[in-house]
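In what follows, a single structure is set out as structure tokens and then discussed.
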Amino acid sequence: MTLDLDMMMMAIFLPLFGAIAAFILPRAAALVGLVTLALTTGAVIALGLEVRQSGAVVLPLGGWGAPLGIDLRADGLSVAMLALTSAVGFLVSIAALDALKGADQARERQYFWPLWLLLLTGINGVYLSTDIFNLYVMIEVIALAAVGLTVLSATRAAVQAGLEYMYASILGALLFLMGVGFIYLQIGRLDFTGLMGAEPTAALIAAVALMFVGLALKTALFPLHLWLPAAHANATAPASALLSGLVVKAALYIVLRLAQYMPFPSETLLTLVGLMGAGAVIWGGIQALRAERLKLLVAWSTVAQIGLIFVAFARAGEVGLTESWKAAALLILAHGIAKAAMFLAAGRIKDEIGHDVIRDLDRAPVRPTLAQFTFALAAISLIGLPPSLGFIGKWSLMEGALVAGYWHWVAVTMLGTLLSVAYFSRVLSAFLRFDRIRTPVAEHQGWALADAAPLTLALTAIGLGLMAAPILRFIEIGYPFGAAL
Amino acid sequence: MTDPLVIFDLLLALGIVALAIASLSVRDRFAMIVLFIVFGLFSALAWVRLSAPDVALAEAAIGTGVTGALLLKTLHHLRFVESRTAITEAACAPVPLGVLLANAAFCGLITLGLAVAFLGAPSAGPGFDALVAEAMPASGVDHPVTGVLLNFRAYDTLMEVVVLLAAVIAVWQIERGLSDAPAPAMGEVWQGFARLVLPAIVVIGTYLLWVGAEAPGGAFQGGAVLAAVGLLLLLTRAYVPRPEHRGIARGAFVLGTGTFALVALMVAGGGRVAFEYPLDHAKTLILLIEGMVTISIAVTLAALFHGREPVALPKGGRDDT
């Protein structure tokens, strides 16, 4: 019994000790980082096996138990998110070895690892937490490490974007904290179990709304998305992949947990959330169509995809929430994997060609074929073509909306899909045109370690669609909350 | 019968709001920072009136002291940069009206939410008080705040220390080339002043840490006060950071986090889980953790004031700051 408990601690403490070691030993940082990632992934796998066998597991830290102490808890959804983080994190780490190997990148090589491992500590901490104040602390850890990663590339644009990101992030955390404070004031508890039985008074709804706005700011839900495109587009490629693939998911996950366990305010507010999501789908799509640079296009597509996840929340109204979170969770997983692959591929394309201006992509004498292929595969999952995981996510979104008779959410999803086909086509068509260049084209440039990682991710994003049924069964383990306690 | 303190509270509240407005509306940046520092001191007073002396100490030491020093240092740097380039305050473009209106609407909604949450809240709602009082004998310390921070919810506190570690790593990794601004340095009078107050600060900081077990105080407050030692050492040039010191500094940054996390893990086993200190050793372990965390906080805050990783300078260069 002690084994499974330790695995939860390991998932949080291994990256923490790894970060300390990588910071103290800058020259061995990459080695420390990879070993830590491997060990953490092992811990997550062990935890997953345990959860699959015996259901959700709980660890009362310090032996106090909630509400006085803090409980860690792993159920199917937690483990699925941890697995996403470990898998994407491990592959991005391998890609980072190659992306940061330049002679002038000694500083980036040295600092990428401690920041990334601290980020991993925070993200894993969020997925195992059952306490809203603890969640606040964890999103602070994530925020500072993520800002550090944003400015790692040290360009002026990146530093400016990082500063804006930090303001948005701190404001979001502050709003979340105020919500937490008011909830404590009213029900005197901070743990999820205490929240479940709470009476939904007007004051409680206001407190939850404050928390939601804070989280929306952190996950860049339209119209609070303004910081995201610049921050994600200007970071160095592995950092972009982590920020877009993993970091925004932590805040999304908290929204999902709150929706699972808090009495949801009202149908009107849920519709409002869906409308904000729809706004993101449309506005993000339009901006992605207008973007001049590849990485900026990918960043805007993140805004649109996050909007879609919120549409999934709202797809079947208040009564449908008990099922809707699963559609949202599938989309979160699909987006995490595919977007990390896409940012890495975009980074590779930029490295090989030397720029990422979309208009001139088809004039490059160099064709990083494998990276372009990876980009296309990731686009397939993000657009939602079968059999990708993105397809399953969108399918379950629309299925639920149809059953509930909410046709407008189906229309929004369709529109979002069309927009994503349009903006990804801008890039894909540039990959396919061979008539613009007169000199011999050097193909197969960039068969490197850095291509292996994004390609694996993109293939996973597509292949996992075939495993949707087991995944759905797995994330339901331990739900609803009270059942396993 | 009116309590005379009510009048004091009212004046304090008005003062805080007025200072907030003043520091936002004043144009001169130096005045803005000074007003902000005074605002911090008033807030600390307010925390005292709210019977939260621990928060008051933290607000005075970190929110006012260290933050004020950071702001003044930034101002010094900005003035230097502006004296060398053409950028002036007037160069900032005015904010478009639409953005202002959108922001105002957003702030209005937030205020509405706060108002509803506040007005609907019970005045003396349920809380952890009873639970904490019941569990205090098993915590190893006598001050409830320390019990919560270092024992019942030690996991949260560990992660707060991790936040500080992440902050200093993020600051160290920012590439900004060689600094142009000469180090802000104190004159001769201040050198003498520093000699007088340094020992006093060390005593006060250590006392705050030690007394945390029974009374308001503790690692964060003690560390912030001790950080003032670092600030004075940096300002008087008694200590100049050099690249050779980076290893020691890294060690000092991670000391608190590392010790805290190791203790949390090592106590597990034999039927105990992580963070579950054996009662006989609880006080010793908590003091050990607090001591190490205090050192890390003090060094980290001083390093944040310095603001960058010490880098090697070309020969004949200025002192690095």
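In the order they appear, the protein sequences are chains A and B. Under the numbering used here, residues -7 to 477 are what the first sequence spells out, in order. Under the numbering used here, residues 379 to 699 are what the second sequence spells out, in order. Don't be surprised by glycine CBs; every beta carbon is placed ideally from N, CA and C. What you are looking at is a predicted structure, and each value in this text was computed from that prediction instead of being measured.
- For E132 of chain A, the residues of chain B that pass the 7 angstroms Cβ criterion are V541, in the order they occur in the chain.
- Contact fails between the stretch 242 to 255 of chain A and the stretch 266 to 277 of chain A, because fewer than three Cβ pairs, one in each stretch, are under 8 angstroms apart.
- When the alpha-carbon of S161 of chain A is set against those of A:D63, A:L209, A:I469, the nearest one is in A:L209.
- Pairwise C-beta distances place the stretch 61 to 68 of chain A in contact with the stretch 39 to 50 of chain A, as three or more of them are shorter than 8 angstroms.
- Counting only runs that start and end inside the stretch 134 to 181 of chain A, the alpha helix (DSSP H) elements of at least 4 residues fall at 148 to 179.
- In the structure shown, R355 of chain A falls within a helical segment according to DSSP collapsed to helix, strand and coil.
- The beta carbon of Y157 of chain A lies closer than 7 angstroms to those of V139, T142, W219, A223 in the same chain, with the five residues before and after it left out.
- Under a 10 Å Cβ-count criterion, L424 of chain A is classified as exposed, with fewer than 16 other Cβ atoms of the shown protein chains found around its own Cβ.
- For F414 of chain B, no chain A residue has a Cβ inside 8 angstroms of its Cβ, as the nearest lies near 16 angstroms away.
- At least one CB of chain A lies nearer than 8 angstroms to the CB of R531 of chain B.
- Contact residues of the stretch 479 to 504 of chain B toward chain A are A480, F484, L487, I488, L490, G491, L492, A493, V494, A495, F496, L497, G498, A499, P500, G503, P504 (C-beta to C-beta distance below 9 angstroms).
- When secondary structure is reduced to three states using DSSP, P52 of chain A falls in the strand class.
- A distance below 7 angstroms between beta-carbons, with the five flanking residues on each side excluded, links I124 of chain A to the following residues of its chain, in chain order: V172, I175, L182.
- For W425 of chain B, the closest alpha carbon among the candidates B:L613, B:V541, B:I673, B:D387 is that of B:D387.
- Along the stretch 437 to 469 of chain B, there is no position whose C-beta sits under 8 angstroms from a C-beta of chain A.
- Between L336 of chain A and V84 of chain A, the C-beta gap is smaller than 8 angstroms, which places the two residues in contact.
- Residue ranges of uninterrupted alpha helix (DSSP H) with 4 or more members, entirely inside the stretch 463 to 525 of chain B and ordered along the chain, are 475 to 497, 507 to 513, 522 to 525.
- For W568 of chain B, the closest of B:H454, B:T614, B:V384 by C-alpha to C-alpha distance is B:T614.
- For the pair A332 of chain A and L410 of chain A, the Cα-to-Cα distance works out to about 22 angstroms.
- DSSP places R65 of chain A in the strand class (E or B) of the three-state scheme.
- Contact residues of the stretch 506 to 527 of chain B toward chain A are F506, L509, V510, A513 (C-beta to C-beta distance below 8 angstroms).
- Judged by pairs of C-beta atoms under 8 angstroms, the stretch 57 to 64 of chain A does not touch the stretch 76 to 94 of chain A, as fewer than three such pairs exist.
- Taking C-beta atoms as the reference points, P621 of chain B and P515 of chain B fail to come closer than 8 angstroms.
- Two segments are said to touch when three or more pairs of C-beta atoms, one from each, lie closer than 8 angstroms; by this definition the stretch 179 to 196 of chain A does not touch the stretch 292 to 312 of chain A.
- Closest in alpha carbon position to A511 of chain B, among B:G498, B:S501, B:P500, B:G525, is B:G525.
- Within the model, the alpha-carbon separation for A572 of chain B versus A438 of chain B is close to 20 angstroms.
- Judged by pairs of C-beta atoms under 8 angstroms, the stretch 600 to 608 of chain B touches the stretch 573 to 591 of chain B, as three or more such pairs exist.
- CA-to-CA, the gap between R407 of chain B and I399 of chain B works out to about 14 angstroms.
- Burial check for S421 of chain A: the Cβ neighbour count within 10 Å stays below 16, so the residue is exposed.
- Under a 10 Å Cβ-count criterion, H521 of chain B is classified as buried, with 16 or more other Cβ atoms of the shown protein chains found around its own Cβ.
- For the stretch 95 to 107 of chain A, the set of positions with a beta-carbon nearer than 9 angstroms to some beta-carbon of chain B reads R99, E100, Q102, Y103, F104, P106, L107 in chain order.
- One thing to note: A88 of chain A has its Cβ within 8 angstroms of the Cβ of P230 of chain A.
- The C-alpha of A495 of chain B lies about 41 angstroms from the C-alpha of H684 of chain B.
- By the rule that beta-carbons nearer than 8 angstroms mark a contact, L643 of chain B touches chain A.
- W399 of chain A: member of the alpha helix (DSSP H) spanning 399 to 424, first to last residue.
- Nearest CB-CB separation between M268 of chain A and chain B: not below the 8 angstroms threshold.
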